[in-house]
Amino acid sequence: MTLEQCEEDLRMTIHSLALTPLISLIAGVLILVMPRLLNYIVALYLIVVGLLGLFPHLAG
């Protein structure tokens, strides 16, 4: 693996790490405002975080 590939992998990891707290914050606010949507919000959160973990290039 070249240095450029390592740098790109690191950038992708940083982008996905930066998105996770933002997604968590939005999910938390939505749960507080609309508790009836809890199941859907948790399911969507888990799907998004799982996809970001499996495919870090989706983060940007």
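The sequence shown begins at 136 in our numbering and counts up one residue at a time.
Ideal placement from N, C-alpha and C gives every residue a C-beta, glycine not left out.
Please report the residue range of the alpha helix (DSSP H) in which residue i lies.
| i | result |
| --- | --- |
| Leu172 | Taken as a continuous stretch (DSSP letters only), Leu172 belongs to no alpha helix (DSSP H), as it is neither H nor E. |
Given that a residue counts as buried once 16 or more other Cβ atoms are within 10 Å of its Cβ, and exposed if not, what is residue i?
| i | result |
| --- | --- |
| Leu186 | exposed |
| Ala178 | exposed |
Have a look at residue i and residue j and give me their C-alpha separation to the nearest angstrom.
| i | j | result |
| --- | --- | --- |
| Leu154 | Leu167 | 20 Å |
| Ile158 | Leu189 | 16 Å |
| Ile161 | Pro191 | 20 Å |
| Val184 | Thr137 | 28 Å |
| Val164 | Leu172 | 11 Å |
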